[in-house]
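Colleague: I have a structure I would like to understand better, so I am pasting it below and will then ask my questions one at a time.
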Amino acid sequence: MKNYSLRSHLIAWISIPVVIAILLSLALSHQFASEEISEVYDAQLVHSAKVLLQLIEHEIEYNQNVVLGLENPDLQHRYERKLGFRIWVGNKLTTGSANTDHFADFEAPPGFSQHRVEQHDWRFFVFIEPVKQIKIEVSERMDIRDELIVQLMIALIVPALLFLPVILFIIWVGVRKVLKPVIKVSADVDQRGSNDLTPINQETLPQEIVPIVVALNHLFKRLFDSFKREREFTDHAAHELRTPLAAMKTQTQVLLKKTKSLPECQQGLENLESSINRATHMVEQLLTLARLQHEELSMESTNLSELLLECLDDIKQRAYIKNILLKVETQNSCLIIQAHPHSVSILLSNLLENAVKYTPEAGEILVSLSQDGLLIIADSGPGLSDEDKKKVFGRFVRADKSGQNGTGLGLSIAQWIAESHHVNIILKDNHPCGLKIEIQWKVATLAFDS
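See below:
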């Protein structure tokens, strides 16, 4: 299942109801405004009809022929052409406003009604006075009501459109702020080293994520206990094995001296000594790994160039015995990094020893350290397949099939030290043959030779 964003879901769950609520409010406002405006304008039509009836009744008492005077153009209003009235006495149209001339013979029924006259919708109110047989018709174009409704809705929609982005922005900021503790916990866990299993502080966290943090802390404790038992077992086992291995090696060397005259025994004893040496080397590697994992690696300013030269001095004799050409290229004799000197020295020694071990007789090893901290160790050995490059850093994994002695711990220890220093060991093919190891160190200071 594809991962989803909790922040996006929260923003959506809050924003969508807000938008829907605004739209519903506008729809209800439109409905209520239409009804109220209709009521007000209908009341105005009724009132106009009553006023006209009072005026016309007095005129009819004295004069049956009611004639209105000419309209004053100075008193005209832009909405006036949308209002009209007509008055009948008996069955005779007595008078009416000028803008009702196009009604012709059309007569609206008594009460309220709505009709379309010459492509316009009109609202009519007809009142009949039965005693004096006076019929009064007042009319109004629906445009007036529609325009007022539109103006009211604009007055509501424009602020809504202006404030909606502000509301959504406030929601977005609020959700980000609320989820900040979750992101903080995630960053805390992500930035930890592989050996940092200290509990996460849960005092200032929201109640909703405290259970997750508590579960993580319990997991960290279980992992810490498990790693501690593993390291203690490795440490104790390695210590217990050192003494009998040393005794076995001593006895083997004594037997080799005593059996010089027995060639048939020499080969077996030499193989035994080789096996003891391999076991001793494995124990030393296990002790090294156990000590490093127990130790808190304190970082300090370290001269990487100097460490590299010291490690090269340690392997020169082995390279000379195998007639290996050892090329060293360093661009600066004082390349400073923040590191744990002892562990970096172990890393460099393991990588260089591997290069000498797997480089054949009369082979070549190139060791290069650039000014930007790129360390390259390239040999002319058998190299590694792409599949072996992925798994060779595992403990007790030996991908070489050349028959060389080894414990399968050297690269594992080197990888652990590299991770502790936040650098990567990259394995590449060295053309035309062999393996190239690259490590990009983070240079703190450069001191140039004078």
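Under the numbering used here, read the sequence shown as residues -8 to 441, first letter to last.
By construction, the Cβ of each residue, glycine as well, lies at the ideal position given by its N, Cα and C atoms.
Because the structure is a prediction, the values reported are computed rather than measured.
#1: For C302, count neighbouring Cβ atoms within 10 angstroms of its own Cβ and tell me buried if that reaches 16, exposed if not.
#2: Taking the alpha helix (DSSP H) that E410 falls in, what are its first and last residues?
#3: Assign W113 to buried or exposed, taking buried as 16 or more other Cβ atoms, counted over all protein chains shown, within 10 Å of its Cβ.
#4: Looking at C-alpha atoms only, which residue of L84, F218, F154 and L400 is the closest neighbour of L342?
#5: State the DSSP-derived secondary structure class of G165, mapped to helix, strand or coil.
#6: Looking at the unbroken beta strand (DSSP E) that takes in S130, where does it start and where does it end?
#7: Tell whether a beta-carbon distance below 8 angstroms holds between L288 and S403.
#8: Are there three or more Cβ pairs, one per stretch, closer than 8 angstroms when the region 300 to 317 is compared with the region 257 to 268?
#9: Suppose only complete runs of 4+ residues qualify. What are the alpha helix (DSSP H) ranges in the region 239 to 302, listed by chain order?
#10: Looking only at C-alpha atoms, which of L338, V274 and A310 sits nearest to A330?
#11: Helix, strand or coil: how does DSSP classify L142 here?
#12: Buried or exposed for T85, please, with buried defined as at least 16 other CB atoms from any protein chain shown within 10 angstroms of its CB.
#13: Can you name, in chain order, every residue of its own chain whose Cβ lies under 7 angstroms from the Cβ of L143, other than the five neighbours on each side?
#14: Quick one: any contact between the region 11 to 20 and the region 124 to 138, if contact means 3 or more CB pairs under 8 angstroms?
#15: Would L155 pass as a contact of I328 if the rule is Cβ separation under 8 angstroms?
#16: Quick test of your reading: F116 and V129, contact by CB under 8 angstroms. State the CB separation rounded to the nearest angstrom.
#17: Roughly how many angstroms separate the alpha carbons of L444 and K219, rounded to a whole number?
#18: Between N208 and the rest of its own chain, which residues show a CB-CB distance below 8 angstroms, the 5 nearest in sequence each way excluded?
#19: Quick one: is the Cβ of N82 within less than 7 angstroms of any heavy atom of the ligand ATP?
#20: Taking only the alpha-carbon atoms, compute the straight-line gap between E275 and K251 and give it to the nearest angstrom.
#21: Kindly give me the distance between the Cβ atoms of G75 and N90, rounded to whole angstroms, as I take these residues to be in contact under 8 angstroms.
Modeller: The relevant details are as follows:
#1: As a first step, residue 302 is located in the sequence shown; it is residue number 311 there, counting from the start. Looking at its Cβ environment, which holds 16 or more other Cβ atoms inside 10 Å, C302 is buried.
#2: To locate residue 410, count along the sequence shown from 1; it is residue 419. Taken as a continuous stretch (DSSP letters only), the alpha helix (DSSP H) holding E410 covers G401 to S411.
#3: Position 122 of the sequence shown, counted from the start, is the residue given in the question as residue 113. It is buried - the Cβ of W113 has at least 16 other Cβ atoms within 10 Å.
#4: Counting from one through the sequence shown, the residue named residue 342 turns up at place 351. Ranking L84, F218, F154 and L400 by Cα distance to L342 puts L400 first.
#5: For this step, residue 165 is matched to residue 174 along the sequence shown. DSSP places G165 in helix when its eight states are reduced to three.
#6: Residue numbering aside, residue 130 sits at position 139 when the sequence shown is read from its first letter. I125 to R132 is the extent of the beta strand (DSSP E) around S130.
#7: Reading the sequence shown from its first residue, position 297 is the one you call residue 288. Reading the sequence shown from its first residue, position 412 is the one you call residue 403. Result no, Cβ atoms of L288 and S403 do not sit closer than 8 angstroms.
#8: no
#9: 254 to 285
#10: Against the sequence shown, residue 330 aligns to sequence position 339. A330 has its Cα closest to that of L338, out of L338, V274 and A310.
#11: Reading the sequence shown from its first residue, position 151 is the one you call residue 142. Looking at the sequence provided, one finds Gln at residue 142 rather than Leu. Note: Q142 maps to helix in three-state DSSP.
#12: Walking along the sequence shown from the start, residue 85 turns up at place 94. Counting Cβ neighbours within 10 Å, T85 comes out buried, since at least 16 surround it.
#13: Mapped onto the sequence shown, residue 143 falls at position 152. Same-chain partners within the cutoff: A24.
#14: no
#15: Translated into positions along the sequence shown, residue 155 becomes position 164. Translated into positions along the sequence shown, residue 328 becomes position 337. No. Outside cutoff.
#16: The residue labelled residue 116 in the question sits at position 125 within the sequence shown. The residue labelled residue 129 in the question sits at position 138 within the sequence shown. The Cβ separation is near 5 angstroms, so the contact holds.
#17: In the structure displayed, the chain extends from -8 to 441; residue 444 sits before or after that span and is not available.
#18: Numbered from 1 along the sequence shown, position 217 holds the residue referred to as residue 208. Excluding sequence neighbours, N208 sits near P190, I191 and Q193.
#19: Questions concerning the ligand ATP fall outside what the structure shown contains, since it holds no ligand whatsoever.
#20: Walking along the sequence shown from the start, residue 275 turns up at place 284. Walking along the sequence shown from the start, residue 251 turns up at place 260. E275 and K251: Cα-Cα distance of roughly 30 angstroms.
#21: Translated into positions along the sequence shown, residue 75 becomes position 84. Translated into positions along the sequence shown, residue 90 becomes position 99. Right, their Cβ atoms sit about 5 angstroms apart.
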